[in-house]
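Report on one structure; see the data block that follows.
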């Protein structure tokens with residue numbers, strides 16, 4: 001692909017590298033090599049690697065399906081599940097989005113989506129912001145741990161005896177149980193709204 005490259009080309013290759021090798025694979029030199037361009041060509045589109053990571057985080061968030069359920073509790077549960085599913089599509093996806101969000105580099109759309117749902121539920125602006133932050137941190141934290149657990153298992157680094165036999169460490173039901181607890185805790189604030 002020697003010649004002029006587009007921002008979309010860089011993001012496409014970066015997502016492919018992320019999916020194959022996780023965050024350690026996102027090296028500007030490697031991205032440039034995949035595109036058959038000089039590394040400096042990337043900096044016409046992204047000032048630095050952090051800006052590229054923020055754009056990748058935004059791209060992942062933009063792909064999250066909007067909830068179709070009715071009723072705010074169901075919509076929040078669905079939004080959390082959709083976000084988790086999209087993060088799991090990308091190796092280290094949760095870690096990437098969490099890092100971008102923590103440094104205020106990107107992923108702001110995720111918090112805005114939660115705030116919008118909570119605003120429609122009748123929470124005050126401050127309550128909606130707090131509840132949105134709690135939900136987003138739960139999704140990111142749970143999914144980061146889930147991805148790390150999977151990677152450790154793939155490497156054979158987990159002791160099968162380290163988890164109780166009656167508890168599945170991660171999965172959709174376990175995740176949704178936590179989401180429902182958080183949403184249930186938000187309920188009284190929505191009712192007071």
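Numbering (the UniProt record's numbering), first residue to last: 1 to 193.
Backbone N, C-alpha and C fix where the C-beta goes; we use that ideal spot for every residue, glycine too.
Taking only the alpha-carbon atoms, compute the straight-line gap between residue i and residue j and give it to the nearest angstrom.
i           : j           : result
residue 110 : residue 186 : 18 Å
residue 85  : residue 97  : 13 Å
residue 159 : residue 92  : 22 Å
residue 76  : residue 25  : 33 Å
residue 127 : residue 55  : 28 Å
residue 157 : residue 146 : 14 Å
residue 18  : residue 151 : 14 Å
residue 87  : residue 81  : 10 Å
residue 132 : residue 74  : 15 Å
residue 16  : residue 38  : 19 Å
residue 20  : residue 188 : 44 Å
residue 184 : residue 178 : 10 Å
residue 174 : residue 27  : 34 Å
Whose C-alpha, out of the options, is nearest the C-alpha of residue i?
i           : options            : result
residue 143 : 17, 170, 177       : 170
residue 36  : 5, 19, 20          : 5
residue 180 : 145, 138, 154      : 138
residue 130 : 71, 141, 114       : 114
residue 22  : 184, 176, 173, 148 : 148
residue 50  : 66, 155, 174, 104  : 104
residue 141 : 112, 101, 106, 125 : 101
residue 12  : 175, 59, 48, 27    : 59
residue 176 : 94, 79, 154, 27    : 79
Might you give, ordered along the chain, the residues of its own chain that have their beta carbon closer than 8 Å to the beta carbon of residue i, omitting 5 neighbours on each side?
i          : result
residue 10 : 31, 35, 42, 45, 46, 52
residue 62 : 109
residue 90 : 15, 18, 19, 60, 96
By the three-class DSSP mapping on this structure, what secondary structure does residue i have?
i           : result
residue 89  : coil
residue 45  : coil
residue 27  : coil
residue 71  : coil
residue 183 : helix
residue 101 : helix
residue 124 : coil
residue 4   : coil
According to the Cβ coordinates, are residue i and residue j closer than 8 Å?
i           : j           : result
residue 182 : residue 118 : no
residue 122 : residue 190 : yes
residue 66  : residue 106 : no
residue 112 : residue 72  : no
Go through its chain and collect everything with a Cβ distance to residue i's Cβ below 6 Å, but skip five positions before and after it.
i          : result
residue 83 : 64, 139
residue 7  : 45
residue 29 : 39
Short of 7 Å in beta carbon distance, which residues of its chain neighbour residue i, apart from the five on each side in sequence? Order them along the chain.
i          : result
residue 40 : none
residue 94 : 87, 140, 143, 144, 147
Determine whether the Cβ of residue i lies closer than 8 Å to any Cβ atom of chain D.
i           : result
residue 100 : The chain inventory of the structure shown lacks chain D, comprising one protein chain alone.
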